[in-house]
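Undergrad:
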Amino acid sequence: MGKFITIGYGDSEGYERTAEEVRAAAHEHDSRLRAGGAEMGIAGEPVQVRNHDAAGTQVTPGPFLRSDLPVAGFAIIEADTLEEATRMVAGTPCAVAHGVVEVWPLQR
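See below:
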């Protein structure tokens with residue numbers, strides 16, 4: 002079984018225009034993923050960390066990644082294949098509420 006990082010992107014406008022019953026089902030879906038061991042959380046304010054040539058740490062507030070939609074949250078999930086991981090996240094709030102979820106395989 003492999004681990005996957007998921008990044009959910011979405012905004013309140015897309016969320017609010019999604020039917021309430023669809024949103025409720027998506028939150029129930031997240032609850033089932035958590036119960037199955039997925040580690041999930043809402044994104045906070047990021048910082049960038051640099052320590053070029055190990056010469057001293059610089060920390061800068063703000064995201065490095067840019068997207069049309071803000072980062073909404075992250076999860077670490079376990080699945081046997083990328084296809085299984087994509088099926089697992091297809092019912093999450095960002096996926097169903099006019100956002101998007103990226104699935105990144107973690108290689109060891």
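Residue 2 is where the sequence shown starts when you use the working numbering, and the numbers rise one by one after that.
Glycine residues also receive a C-beta, built at the ideal position from the N, C-alpha and C atoms.
Bear in mind that the values here come from a model prediction, so they are computed numbers and not experimental data.
(1) Can you round the beta-carbon distance between F75 and A56 to whole angstroms, since I take them to be within the 8 Å contact cut?
(2) As a quick exercise: from P94, E84, A98, pick the residue whose alpha carbon is nearest that of W105.
(3) To the nearest angstrom, how far is the alpha carbon of L70 from that of P62?
(4) Using the beta-carbon count (16 or more within 10 Å), is P94 buried or exposed?
(5) Going by the CB atoms, is the gap between V102 and G37 shorter than 8 Å?
(6) Quick one: is D81 buried, meaning 16 or more other Cβ sit within 10 Å of its Cβ, or exposed?
(7) Express the C-alpha separation of A20 and M89 in angstroms, rounding to a whole number.
(8) Flag this pair as yes or no: are the beta carbons of I78 and L34 separated by less than 8 Å?
(9) Pull up the DSSP beta-bridge partners for Q59, would you.
(10) By DSSP, does G38 sit in helix, in strand, or in coil?
TA: Well, looking at it:
(1) On the sequence shown, position 74 is the one that residue 75 refers to. On the sequence shown, position 55 is the one that residue 56 refers to. About 30 Å separates the two Cβ atoms, so there is no contact after all.
(2) Within the sequence shown, the letter at position 104 stands for residue 105. Checking every option, the nearest Cα to that of W105 belongs to E84.
(3) Locating residue 70 in the sequence shown gives position 69, counting from the first residue. Locating residue 62 in the sequence shown gives position 61, counting from the first residue. Using only the alpha carbons, I get a separation of about 19 Å.
(4) Translated into the one-based positions of the sequence shown, residue 94 becomes position 93. Answer is buried; the Cβ neighbour count reaches 16.
(5) Your numbering for residue 37 matches position 36 in the sequence shown. Your numbering for residue 102 matches position 101 in the sequence shown. Judged by beta-carbon spacing, V102 lies beyond the 8 Å limit of G37, meaning their Cβ atoms are not closer than that value.
(6) Along the sequence shown, read from residue 1 onward, the residue named residue 81 stands at position 80. Exposed is the call here.
(7) The residue labelled residue 89 in the question sits at position 88 within the sequence shown. The residue labelled residue 20 in the question sits at position 19 within the sequence shown. In a straight line, the C-alpha of M89 is about 21 Å away from that of A20.
(8) Here the question's residue 78 lines up with position 77 in the sequence shown. Here the question's residue 34 lines up with position 33 in the sequence shown. I78 is a Cβ neighbour of L34, given a cutoff of 8 Å.
(9) Here residue 59 is taken as the residue at index 58 of the sequence shown, counted from 1. When DSSP reads this structure, Q59 sits in a beta bridge with R51.
(10) Locating residue 38 in the sequence shown gives position 37, where the first residue counts as 1. Coil, per DSSP.
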